[in-house]
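In our numbering, the protein residues as written are 160 to 381. From the three backbone atoms N, C-alpha and C, an ideal C-beta is built for every residue, glycine too. Shown next, in structure tokens, is the structure this report addresses.
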Ligand SMILES: [Zn+2]
């Protein structure tokens with residue numbers, strides 16, 4: 160009997176009033192638009208789930224087999240269509256409601272107990288321009304492959320964004336990703352799920368790669 164994939168959510172098929180929806184699966188019969196929406200929603204689902212629980216072999220298998228379900232309480236009401244005997248979820252919907260609290264929010268804070276004490280000094284030191292532009296950052300990244308701290312990381316450019324990723328072997332989804340835009344503002348994702356804007360990882364350097372070296376950022380994340 161399928162259960163809601165969210166940690167601590169007890170809804171299953173036994174609860175007749177609460178529907179479970181299956182993870183979006185793009186089909187060959189879908190239009191390109193639909194297929195893309197499903198693909199994006201699928202990433203959103205996986206990111207939301209992995210934000211709260213670790214990806215182990217079982218979960219990986221469930222994802223591969225599309226046997227992942229999320230119950231309706233995690234979706235905005237307007238995305239749920241109600242029919243006489245069943246409910247369906249609007250294509251492209253991702254879970255945003257009643258999300259469980261999670262341990263991964265503490266990344267960068269809990270791993271190093273004295274981070275807060277070091278913060279003022281570090282800010283002072285790092286407020287000099289490290290990278291002047293995205294192209295400058297990319298040219299640095301081209302060399303970074305040989306540096307020990309960059310082991311396990313990779314990077315690529317997607318239009319106006321440079322994506323720096325840390326993947327564990329055997330996993331399709333990056334454990335950590337850093338998206339750097341044209342203005343050198345960066346966003347950190349954990350299993351495809353963006354950390355909130357007020358996360359402590361953004362506080363040291365004005366959230367800009369202009370003032371933060373790759374080495375510092377990788378060190379902060381891992
Ligand atoms: Zn649920």
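Element boundaries [beta strand (DSSP E), containing residue 182]: Premise fails: residue 182 is in no beta strand (DSSP E) and is neither H nor E.
Which of helix, strand or coil DSSP assigns to residue 362: In the three-state DSSP reduction, residue 362 falls in the coil class, being neither helix nor strand.
C-alpha distance - residue 307 paired with residue 196, whole-angstrom precision: 38 angstroms
Proximity winner among 176, 376, 349, 374, relative to residue 212 (alpha-carbon distances): 349
Sub-8 angstroms separation of residue 232 and residue 257 beta-carbons: yes
Beta-bridge pairing of residue 312 - partner residues as DSSP gives them: Answer by DSSP bridge pairing, in chain order: 325.
Local Cβ density within 10 Å of residue 355, reported as buried at 16 or more and exposed below that: exposed
Beta-carbon separation (whole angstroms), residue 351 vs residue 202, contact threshold 8 angstroms: So it is a contact: roughly 5 angstroms between Cβ atoms.
Residue 250 to residue 336 span [Cα, whole Å]: Distance between the alpha carbons of residue 250 and residue 336 is about 26 angstroms.
Selected residue, minimal CA-CA separation from residue 327, among 358, 318, 199, 311: 311
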